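Colleague: Using our numbering, the letters of the sequence shown map in sequence onto residues 8 to 532. Glycine included, each C-beta is placed from N, C-alpha and C at the ideal position. Please read all numbers here as calculations on a predicted model, not as lab measurements.
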Amino acid sequence: MGKRMLTVILAVALVALLLAGCSGGEKQQAADSGKEKVFVFAQGSDPRGLDPAYVDDGESAKIMVNIYDNLVRYKPDSTEIEPALATSWETNEDKTEWTFHLREGVKFHDGTPFNAEAVKFSIERQLPPNRTDDMPYASFTFGPVKKVEVVDEYTVKIILNAPYSPFLANMAMCMAAPIVSPAAVEKYGEDYISHPVGTGPFKFVKWDRGQAVELVANEDYWDGAPKLDKLIFKFVKENSVRASELISGSIDAMDGVDPNDVKKLEESGVVVAKSPGMNINYLAFFTNKEPFNNPKLRQAVSHAINREAIVEHLYQGMAELANGPLPSFMPGYDKDLQPYAYDPEKAKALLKEAGYENGLKVTLLSYTNPRPYNTVGQKLAEAIQNDLQKVGIEVEIKAYPWKEYKEVVSPVTVEEGDMMIYGWIGDNGDPDNFLTLLDSKEIAGSLNSAKYANPQVDQLLEQGRREFDMAKRAQIYSELQQIVVKDAPWVFISHATAMTAQSKNVENFSLHPTGVIFFHNVDKK
């Protein structure tokens, strides 16, 4: 090879290297400048859907709160109410008429205007005769609503059948209450559940089933554009896998932290945040059919489950023992409740009284995925199975992935099971939000998972809803909880410590008491 040719080759190679270096530098510079900030949040499973009228699960809620707005919203770190799509509101003297003055100039993600007609549409689609049994929050949220009136383009009046103390708190919830685009609902019909259109800080892009939901920033958001350009909700079933992905840097944050992973995460430099959980983890008996229509049998099972061991060993102390349906920090909590102590001999005696001296066989339904209130998933069912075997109750476990599980346990009569593992994350900080799970009116809508009906409990719930003095409400709820503990439709297991984990380069990320993350102000360094 001649000198000239060698010189040319070397020159070309040098230019190529320089170009490659420039190219890499430009890419790095673009990344460093934050031209596109992509945030990946890992959660346990797909949402059931993204239409707030048709879902009731936490996975859906975490995504929807970033797509939709409500008339009112919660403050970032509490359930205190502040304006959102409504800038102000007032009510009449007996609190049966609520007038909301709406924010002007707001548009839905499809470009159509937000106005009083959109509010009326969003509520009326969940009122009779439009309401269906597939709308789990409709009766709970809008049951008291008599009618909705459009006063003018930016004023709407909601008229109730009777005073309802949780009403304003309910209007901030991420289920049922968000305002949807009427044009989009009309366009997509039943498929709207997969094509959400709101006014929120992020716009829906796509949903790859079993993989992820992708959102992009709403640059025209009325409360200022988000700091992130793209928000991805990635679905990773196992908590431990999520933890490994966070440590490796392939995701930015996660919820559902397994107590066994906390040390590993913290040692890797990941930030783990812990706070008291506004939740309840419970075992529900199907009280509307044999064998658990017998309260003696429910009490026997309650005595047979070692809840203390579950909290100490399964949850590594990252939970508080539940004495009743309400967390200890909530208004209306009754510190004098006496739950069923672990007492296998007492359980055996009650089994005999119930007519099951020789034991019995039952089927326990469970989900496989970890949940925020039960971070060990199916292991809880297995611990209960082991405890009940010791007193002569043989338990068959039927377990399903979370999304499928919701479909199995929703019918009024669940054919294949006798009891089920379930839980609840508070939506609004009001005690009625937990106690309504015991309202017989909520059996059809599936919120009342135990299919529990007690007229006295229903009456006390109504009294509490019509009383606006929280001290008086607390007295009502104390009486109610005493009845429920005696009836034992649930075994009250625990209130999980709420935990999230995030990369140390993430800013303004926090778990709201309602179990969701508002990503509007979240940033990456």
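Could you check where the alpha helix (DSSP H) with glutamine 470 kicks off and where it finishes?
Modeller: Taken as a continuous stretch (DSSP letters only), the alpha helix (DSSP H) holding glutamine 470 covers 462-473.
Colleague: Tyrosine 195 and aspartate 58 - do their beta-carbons sit closer together than 7 angstroms?
Modeller: Against a cut-off of 7 angstroms, the Cβ pair of tyrosine 195 and aspartate 58 comes out as no contact.
Colleague: From Asp530, Tyr407, Ala307, pick the residue whose C-alpha is nearest to that of leucine 358; which is it?
Modeller: It is Ala307 whose Cα lies nearest to the Cα of leucine 358.
Colleague: For the region 101-173, list the alpha helix (DSSP H) runs that are entirely contained and at least 4 residues long, ordered along the chain.
Modeller: Correct list: 123-131, 145-149.
Colleague: By the DSSP assignment, the beta strand (DSSP E) with methionine 261 in it spans what residues?
Modeller: It spans 260-262 - the beta strand (DSSP E) in which methionine 261 sits, taken as one unbroken run.
Colleague: Looking at the structure shown, is asparagine 295 part of a helix, part of a strand, or coil, going by DSSP?
Modeller: Residue state, collapsed to three classes: coil.
Colleague: In its own chain, which residues sit with a C-beta less than 7 angstroms from the C-beta of alanine 451, not counting the 5 before and 5 after it?
Modeller: Taken in chain order, the residues that qualify are Asp140, Val419.
Colleague: With burial defined as no fewer than 16 other Cβ atoms inside 10 Å of the residue's Cβ, what is the status of aspartate 159: buried or exposed?
Modeller: Its Cβ having fewer than 16 others within 10 Å, aspartate 159 is exposed.
Colleague: Measuring straight from C-alpha to C-alpha, what distance separates leucine 24 and serine 257?
Modeller: Note that leucine 24 has pLDDT 39, beneath the 50 cutoff, so the model's placement of it is unreliable and the number below is only indicative. Taking the straight line from one Cα to the other gives about 29 angstroms.
Colleague: Given glycine 384, which residues of its chain have a CB within under 6 angstroms of its CB, disregarding the five upstream and five downstream residues?
Modeller: Once the five neighbours on either side are set aside, the close Cβ partners of glycine 384 are Thr375, Asn376, Pro377.
Colleague: So what's histidine 519 in DSSP terms, helix, strand or just coil?
Modeller: Three-state result, histidine 519: coil.
Colleague: Nearest CA to the CA of valine 113: which residue from Ile88, Asn225, Ala49, Asn512?
Modeller: Per the Cα distances, Asn225.
Colleague: To the nearest angstrom, how far is the alpha carbon of lysine 458 from that of valine 498?
Modeller: Near 14 angstroms, if we compare the C-alpha coordinates of valine 498 and lysine 458.
Colleague: Measuring CB to CB, does asparagine 288 end up less than 7 angstroms from glycine 430?
Modeller: Yes.
Colleague: Evaluate serine 309 with the Cβ neighbour count: other Cβ atoms within 10 Å of its Cβ, from every protein chain shown; 16 or more gives buried, anything less gives exposed.
Modeller: Buried: at least 16 other Cβ atoms inside 10 Å.
Colleague: With a 10 Å radius around its C-beta and 16 neighbouring C-beta atoms as the bar for buried, classify histidine 519 as buried or exposed.
Modeller: Buried, since its Cβ has 16 or more Cβ neighbours within 10 Å.
Colleague: For asparagine 267, which residues of its own chain have a beta-carbon under 7 angstroms away from its beta-carbon, when the five flanking residues on both sides are left out?
Modeller: Excluding positions up to five away in sequence, the list reads Gln323.
Colleague: Helix or strand or just coil, what does DSSP make of tyrosine 363?
Modeller: Tyrosine 363 falls in the coil class under three-state DSSP.
Colleague: For the pair the region 338-346 and the region 379-393, tell me if three or more CB-CB distances fall below 8 angstroms.
Modeller: With the cut-off at 8 angstroms, the region 338-346 and the region 379-393 do not touch.
Colleague: For alanine 291 and valine 47, I'd like the C-alpha separation in whole angstroms.
Modeller: Distance between the alpha carbons of alanine 291 and valine 47 is about 35 angstroms.
Colleague: Counting C-beta neighbours from all protein chains within 10 Å, is the total for glutamate 449 16 or more, i.e. buried, or is it exposed?
Modeller: Buried is the call here.
Colleague: Measuring only the C-alpha atoms, how far is aspartate 215 from serine 52?
Modeller: C-alpha separation (whole angstroms): 12 angstroms.
Colleague: Given alanine 27, which residues of its chain have a CB within under 6 angstroms of its CB, disregarding the five upstream and five downstream residues?
Modeller: Note on alanine 27: pLDDT 42, under 50, position unreliable in the model; the coordinate value appears next. Hits under 6 angstroms: none found.
Colleague: May I ask you to report which of helix, strand or coil DSSP gives serine 335?
Modeller: Serine 335 falls in the coil class under three-state DSSP.
Colleague: Nearest-angstrom Cα distance between methionine 426 and valine 492?
Modeller: Looking at the two C-alpha atoms, the distance is approximately 17 angstroms.
Colleague: If you scan the region 221-292 from start to end, which runs of the beta strand (DSSP E) of 3 or more residues do you find wholly inside it?
Modeller: Correct list: 237-242, 260-262, 278-282, 286-292.
Colleague: Would the region 181-189 and the region 115-131 be scored as touching if the rule is three or more Cβ pairs under 8 angstroms?
Modeller: Cβ pair count under 8 angstroms is three or more, so yes.
Colleague: Rounded to the nearest angstrom, what separates isoleucine 166 and threonine 103 at their Cα positions?
Modeller: About 6 angstroms.
Colleague: With the cut-off set at 7 angstroms, would you say glycine 399 and glycine 366 are in Cβ contact?
Modeller: Yes, Cβ-Cβ distance for glycine 399 and glycine 366 is below 7 angstroms.
Colleague: Rank Val79, Tyr484, Asp84 by C-alpha distance to the C-alpha of arginine 110 and give the top, closest one.
Modeller: Comparing Cα-Cα distances from arginine 110 to each of Val79, Tyr484, Asp84, the minimum goes to Val79.
Colleague: Excluding sequence positions up to five away, which residues of its chain have a Cβ less than 7 angstroms from the Cβ of valine 72?
Modeller: Closer than 7 angstroms at Cβ, skipping near neighbours: Cys181, Val523, Phe525.
Colleague: For the alpha helix (DSSP H) that contains glycine 65, what are its first and last residues?
Modeller: It spans 65-71 - the alpha helix (DSSP H) in which glycine 65 sits, taken as one unbroken run.
Colleague: DSSP on serine 453, reduced to helix/strand/coil?
Modeller: Here serine 453 sits in coil by DSSP.
Colleague: Is the beta carbon of serine 172 less than 7 angstroms from the beta carbon of arginine 472?
Modeller: The answer is yes: Cβ separation under 7 angstroms.
Colleague: Based on Cα-Cα distance, which residue from Asp437, Leu395, Ala495, Phe121 lies nearest to threonine 86?
Modeller: Of the candidates Asp437, Leu395, Ala495, Phe121, the one whose C-alpha sits nearest the C-alpha of threonine 86 is Asp437.
Colleague: Check each candidate in Val45, Asp63, Val212, Glu43 and name the one with the smallest Cα separation from glutamate 414.
Modeller: Nearest C-alpha to glutamate 414: Asp63.
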